[in-house]
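The opening residue of the sequence shown carries number 1 in full-length UniProt numbering; numbering runs sequentially from there.
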Amino acid sequence: MSSVYSVLEPFDVSTGIDGWEEWLERFEIFAEANKVARTNIHTVFLNHCGPQLYRLVREAVAPEKPNSMSLEALIEAVQGRFDPIPGIYTARAEFYARKQQPDESVAVFMTNLRRLARRCQFEATPTVVDRVDAQLQDQFIIGMCDAETRRRILRGPKLPLKEVYSLALLGETVATQSRLLEERAAGSPAPTVHALSNKNRSGRSNQASFAAEGTKCWRCDRKGHSADSCRFKESLCHRCHKKGHVSKVCRSSLPTTGWQQESAISGNSRRTDRRRSVHAVEQTPSRGTYSTSESEDDLSQNEKVLEIQVDRCIRGL
Numbered sequence: 001m002s003s004v005y006s007v008l009e010p011f012d013v014s015t016g017i018d019g020w021e022e023w024l025e026r027f028e029i030f031a032e033a034n035k036v037a038r039t040n041i042h043t044v045f046l047n048h049c050g051p052q053l054y055r056l057v058r059e060a061v062a063p064e065k066p067n068s069m070s071l072e073a074l075i076e077a078v079q080g081r082f083d084p085i086p087g088i089y090t091a092r093a094e095f096y097a098r099k100q101q102p103d104e105s106v107a108v109f110m111t112n113l114r115r116l117a118r119r120c121q122f123e124a125t126p127t128v129v130d131r132v133d134a135q136l137q138d139q140f141i142i143g144m145c146d147a148e149t150r151r152r153i154l155r156g157p158k159l160p161l162k163e164v165y166s167l168a169l170l171g172e173t174v175a176t177q178s179r180l181l182e183e184r185a186a187g188s189p190a191p192t193v194h195a196l197s198n199k200n201r202s203g204r205s206n207q208a209s210f211a212a213e214g215t216k217c218w219r220c221d222r223k224g225h226s227a228d229s230c231r232f233k234e235s236l237c238h239r240c241h242k243k244g245h246v247s248k249v250c251r252s253s254l255p256t257t258g259w260q261q262e263s264a265i266s267g268n269s270r271r272t273d274r275r276r277s278v279h280a281v282e283q284t285p286s287r288g289t290y291s292t293s294e295s296e297d298d299l300s301q302n303e304k305v306l307e308i309q310v311d312r313c314i315r316g317l
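Written as structure tokens, this is what we have:
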């Protein structure tokens, strides 16, 4: 290279991928104008790229030395730093979605479209059939709902339409089977749990209804529970000697005592009134001392004491 026909300023790394592609085009023009041989074009590239781009290239090709690599390898290293996923599907999706901005002139809009088109590799579809398949494939990938399958396709190399379609079918089948397995795993124990829950809920509902309605238990004459759950269900009555209730609510008739016969025959109202008064006075403490935790033996002892006291009162009259 005997003379330099143009000057190429260093590359500004802050311009990103767009500035890189533009600078690379200018470098190719510069090398062609100055008839740079292919054997040493990589050294001219490193000499004119500037300190920022040289540092980036050096980091990208480490531990290799930049001067030991070809121009194509250097360009690929820089391209990988600015555009880590250079897939054409991503570029084409951006190309198809690009619209003219309100403050953008027609000339600028066309320039930006041409810049996007260069990354789409449309020149790789020479025939009409190939172009139709390419456009069909682009829209198929861009518009599919399965994001996971789309990511797999975009991460890999360019595939023909047939293989892309097969991958989409496989992803759909796997997603459907996985969803069915999850639904079966989640729905299998549901009936048993639901039945047990209903049973427990029914028991609690019955207990709540007894408590809310204030119904007395016929076994112990107390509220707040049903006869089936009464703690005196297996107790023995000390009056009729039958199981299932306490003597307080026993409906069996008691044997007639001597003082009752005497009261009935004589018709002495005074004695009858005094007997009833004593009976009422003595029975009141018994009701007050009875509690939920009182056993059947305590009830029986209180009743026996009561009968003895009543009998003594009557005999003393």
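Glycine included, each C-beta is placed from N, C-alpha and C at the ideal position.
Simplified DSSP assignment, three categories, for residue i
{"i": "Leu159", "result": "coil"}
{"i": "Lys99", "result": "coil"}
{"i": "Glu104", "result": "coil"}
{"i": "Met144", "result": "coil"}
{"i": "Gln135", "result": "helix"}
{"i": "Asp130", "result": "helix"}
{"i": "Gln121", "result": "coil"}
{"i": "Arg231", "result": "coil"}
{"i": "Arg184", "result": "helix"}
{"i": "Ser166", "result": "helix"}
{"i": "Ser178", "result": "helix"}
{"i": "Arg251", "result": "coil"}
{"i": "Asn268", "result": "Because the pLDDT of Asn268 is 48, which lies under 50, any placement of that residue in the model is unreliable, and the question is left without a value."}
Bridge-paired residues (DSSP) for residue i
{"i": "Lys216", "result": "Lys223"}
{"i": "Lys243", "result": "Leu236"}
Residue closest to residue i, alpha-carbon to alpha-carbon, out of the options
{"i": "Ala117", "options": "Ala93, Gly80 and Gln137", "result": "Ala93"}
{"i": "Ala97", "options": "Asp138, Asp18, Glu172 and Thr215", "result": "Asp138"}
{"i": "Thr90", "options": "Cys49, Gly156, Gly19 and Arg179", "result": "Gly156"}
{"i": "Lys233", "options": "Arg219, Leu136, Phe95 and Thr15", "result": "Arg219"}
{"i": "Cys145", "options": "Thr43, Asp133, Ser166 and Gly171", "result": "Gly171"}
{"i": "Phe95", "options": "Ile142, Ala175 and Ser68", "result": "Ile142"}
{"i": "Leu8", "options": "Ser14, Glu22 and Phe140", "result": "Glu22"}
{"i": "Leu169", "options": "Glu148, Glu183, Ala185 and Glu182", "result": "Glu148"}
Straight-line gap, residue i to residue j (C-alpha atoms, nearest Å)
{"i": "Asn34", "j": "Gln121", "result": "29 Å"}
{"i": "Ser71", "j": "Glu59", "result": "Residue identity check: residue 71 is Leu in the sequence provided, not Ser. Their Cα atoms are separated by approximately 16 Å."}
{"i": "Phe45", "j": "Leu53", "result": "10 Å"}
{"i": "Gly244", "j": "Cys230", "result": "9 Å"}
{"i": "Gly19", "j": "Asn47", "result": "18 Å"}
{"i": "Arg26", "j": "Lys162", "result": "39 Å"}
### Task
Ignoring anything shorter than 4 residues or poking outside the segment 4–88, list the alpha helix (DSSP H) runs there in chain order.
16–33, 41–48, 51–61 and 71–82
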